[in-house]
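Here is the structure we will look at, set down as structure tokens.
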Amino acid sequence: MIQALISGLLLGGVYGLFSMGFSLAFGVMRIINFAHGAMVMIAMYLVFYAYTLLGIDPLWMVLLAPVAIAALGSVVYVGVYRRFVGRTTLQQLLAAIALGLVLQSLAELAFSPETRALRNSWGSHYILVGGVFLSYAQAIAFAVAVICVALVELVLRFTRWGQAIRAVADDAEAAEIVGQNAQAINLGAFGLATGLAGVAGTVLVTYYPFNPVVGFSLMPIALIATVLGGLGSVGGAFLGGIICGIVQQMTSALWAPALQDLPLYGLLLVFLAFRPYGLFGRRAAH
Amino acid sequence: MTALLEVRGLSVSYGGLRALKDVSFSVAPGECFVLLGANGAGKTSLLRCIGGLVRPVAGAISGNGLSLLGLRPSAIAHRGIAHVPEGRRVFPHLSVFENLSVSWLRRPGGPTLPDAVERIYGMFPRLAERRHQLAGTLSGGEQQALAIGRGLMNSPSLLMLDEPSLGLAPVITRQVFSQLNSIRESGIALLLVEQNASSLDLATRGLVLANGSVALAGSRDNLRDSAFVRRAYLGL
Ligand SMILES: Nc1ncnc2c1ncn2[C@@H]1O[C@H](COP(=O)(O)OP(=O)(O)OP(=O)(O)O)[C@@H](O)[C@H]1O
Ligand SMILES: [Mg+2]
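These protein sequences, in sequence, are chains A and B.
Counting from 0, one number per residue, gives the positions in the first sequence under numbering that gives the first Met the number 0.
Counting from 0, one number per residue, gives the positions in the second sequence under numbering that gives the first Met the number 0.
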């Protein structure tokens, strides 16, 4: 019970980490980036091969992988999403799903569909704290997630770049009028959002088995976390992710692992119907 | 001497609908040029076109002798032409301070961010009192002050305002106009779009738009004395 709560919290931190990026892209550009999970998946392969082929410890990749994924995200933004900013939600959503499927198919071609796991020196270590087993990898992942959410919140709140991102989220045209190049801000924000997917993939791969489909399988979590946290709210999505992790692990422990996602989807329906602005009642991105 | 802003033969269409036809005028440094016109006359289309938000189908726009056509709106702001849009359009989830800060453009010889913000607070003490409040919670008059303050943050040579009196009580409108007058006295030229003819008190020159064309242009006194303006705007 306590064990499930703790492992839910730790896993939820990582859910929160990539949900934050998903929510950021939505809040700023109104892009429902269904390819966000594919970015997590690509980061996982990147870190996996960096470790197995080059012997680079996954911890180092916490700095490198996000940069690589943010670069990929920027290419995706310029190549695809830029054309869809301001188009109908349906067109944009279909494009995002298609993009996610393309990336997934390419990954299947390049890496084969088989499921793998990264076995590094410390990934399977456990520490016993107060009668609860803590996975070393999960604890590190959680710590990285908390650091990232704090950094992103600080950047959004206290830097002029962060202010500009929030201004574009509020009113992109007015932001242009006051001298902010909304296109450039969008590109940067999308880079930040996909960079967060890169961090999430990096820490997740140390304990989470993966294959090319893992990205899509994570998307429902990002959706639920984003709805729980209030659409477009970055900090809210992080908390939403933690709630998802806890609900999932508790269900799995108390009920049955096969049903672990059922209450989550129920929660999504309930929130969409009765509290579409999420737990914290904020309507717009901030 | 080159005009601060020069508009020549400007035409704007939305699909088939012609919103502006062959509009020409220019604004000299330090003057207050007033654009009057009824609802749907094309005033907003004209400012949005100068501000780079709408592409013209014909005509030329230049600022300080350099063409502004094809520039992004943000690039036009960087050229010293500030736009206070119709409906104020403050960023509702940013604080008053953040609205100003995000609008500050670093320019050589320009004020620092704290100096620029303090100058706006000096002009609009209400904004200083509410600096940490979200802009979405301000009253209409305060939002208009913030929108003007945002425009001034980039130390423009020309400030374009789209119906700043819209939806404000007459007392507040008078305050806004008197602020605009001191802004002009500080050397910033104004291009003021209005339906409220008391804006003519501020004007050096102006024109009247009707159905997208220039119906009348001239000095303040020419406009005041014209039978058209007297009937349509001054209720005489
Ligand atoms: N985005 C648009 N798409 C289509 N038609 C438009 C658009 N914007 C304006 N128009 C039309 O162009 C004409 C001029 O509109 P504009 O907003 O420029 O007038 P205005 O003088 O600012 O009016 P108001 O006093 O109501 O603000 C109107 O007939 C309007 O319906
Ligand atoms: Mg208008």
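Ideal placement from N, C-alpha and C gives every residue a C-beta, glycine not left out.
Keep in mind the model is a prediction, meaning the values are calculated, not measured.
- DSSP places I126 (chain A) in the uninterrupted beta strand (DSSP E) bounded by Y125 to V128.
- Taking 8 angstroms as the cut-off, the Cβ atoms of P55 (chain B) and L9 (chain B) count as close.
- Between E175 (chain A) and chain B, the shortest Cβ-Cβ separation is below 8 angstroms.
- Ligand 1 has a heavy atom closer than 7 angstroms to the beta-carbon of S44 (chain B).
- Taking non-hydrogen atoms of ligand 1 into account, the C-beta of E85 (chain B) is found less than 7 angstroms away from one of them.
- Residue contact check for R88 (chain B) against chain A: a CB pair falls below 8 angstroms.
- For ligand 2, a non-hydrogen atom lies closer than 7 angstroms to the CB of E162 (chain B).
- In the three-state scheme derived from DSSP, where H, G and I count as helix and E and B as strand, V204 (chain A) is classed as coil.
- About 4 angstroms separates the CB atoms of A192 (chain A) and G20 (chain A); that is less than 8 angstroms, so the two are in contact.
- Around the beta-carbon of P57 (chain A), 16 or more other beta-carbon atoms lie within 10 Å, marking it buried.
- If you compare the alpha carbons of A:P275, A:P262, A:N119 and A:G7 with that of G240 (chain A), the shortest gap goes to A:G7.
- Each residue's CA atom was taken as its position, placing Y125 (chain A) and L222 (chain A) some 31 angstroms apart.
- Annotation: the continuous beta strand (DSSP E) that includes I60 (chain B) extends over A57 to G62.
- With respect to the C-alpha of I41 (chain A), the residue from A:G178, A:T158 and A:S111 having the closest C-alpha is A:S111.
- Put simply, of A:I30, A:G214 and A:A257 the residue whose alpha carbon is nearest the alpha carbon of R81 (chain A) is A:I30.
- For N180 (chain B), no Cβ of chain A is located within less than 8 angstroms of the residue's own Cβ.
- In the three-state DSSP reduction, D170 (chain A) falls in the coil class, being neither helix nor strand.
- In this structure, the alpha-carbon of A168 (chain A) lies about 16 angstroms from that of T88 (chain A).
- Residues of chain A with a Cβ closer than 7 angstroms to the Cβ of V101 (chain B) are, in chain order, R159, Q162, A163, A166, V177 and Q179.
- Here the segment 260 to 270 of chain A does not lie against the segment 7 to 21 of chain B, with fewer than 3 beta-carbon pairs under 8 angstroms apart.
- Under the DSSP definition of a beta bridge, A209 (chain B) partners with B:S212.
- Listed in chain order, the non-local C-beta contacts of S251 (chain A) below 6 angstroms within the same chain comprise Q259, local neighbours out to five positions each way being set aside.
- Distances taken from the Cβ of N38 (chain B) to the heavy atoms of ligand 1 include one shorter than 7 angstroms.
- Taking 8 angstroms as the threshold, the shortest C-beta distance from H131 (chain B) to chain A does not fall below it.
- Residue-level contact by beta carbon fails for N63 (chain B) and chain A, as no gap is shorter than 8 angstroms.
- For the pair R78 (chain B) and V170 (chain B), the Cα-to-Cα distance works out to about 34 angstroms.
- Assignment of R7 (chain B) by DSSP, reduced to helix, strand and coil, places it in the strand class.
- Residue-level contact by beta carbon fails for L190 (chain B) and chain A, as no gap is shorter than 8 angstroms.
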